[in-house]
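The structure under discussion appears below in the form of structure tokens.
Encoded structure:
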């Protein structure tokens, strides 16, 4: 894989993970649908800046993913999406004070090892 392709893949993955973190942030701010009623809740969802930002991140991520899949085999590119787990659990620690446990660290190391093994075998 070229440096350009790796950059496109990683940018897509980071944007997708950032979108998830933004959705989590927004979800914690929004009232529940049962409190607002479904229609008012939907209006709140589609007018909340962090949700709209997350949707924009997802859209750009998807477009970059399409570009990447023109060159990268899916069986090589898709396992890299597992890196989003590492981004999410690190971001969740800093943004939401969620704990990082030894099992999460071990899982993250296994993910990285798996991605390396897949790329060595291509």
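Numbering (my numbering), first residue to last: 294 to 415. All residues carry an ideal CB built from backbone N, CA and C; glycine is no exception.
By the CB criterion at 8 Å, residue 385 and residue 354 fall outside the cutoff. For residue 312 against residue 347, the beta-carbon gap comes to about 4 Å, under 8 Å, which counts as contact. Straight through space, the alpha carbons of residue 395 and residue 372 are spaced by roughly 22 Å. Relative to residue 302, the option among 328, 295, 321, 358 whose CA is nearest is 358.
Secondary structure of residue 394 (DSSP, three-state): coil.
Measuring C-alpha to C-alpha distances from residue 298 to each of 375, 408, 361, 328 identifies 361 as the nearest. Non-local beta-carbon contacts of residue 326 in its own chain, meaning distances under 7 Å to residues more than five positions away in sequence, involve 334 in chain order. Secondary structure in the region 331-374: the alpha helix (DSSP H) runs of 4 residues or longer, each lying completely within the stretch, are 331-338, 342-362, 367-370 in chain order.
A straight-line Cα-Cα distance of about 10 Å links residue 322 and residue 341.
Shortest Cα-Cα distance from residue 318 to any of 296, 344, 332 involves 344.
By the CB criterion at 8 Å, residue 379 and residue 404 fall inside the cutoff.
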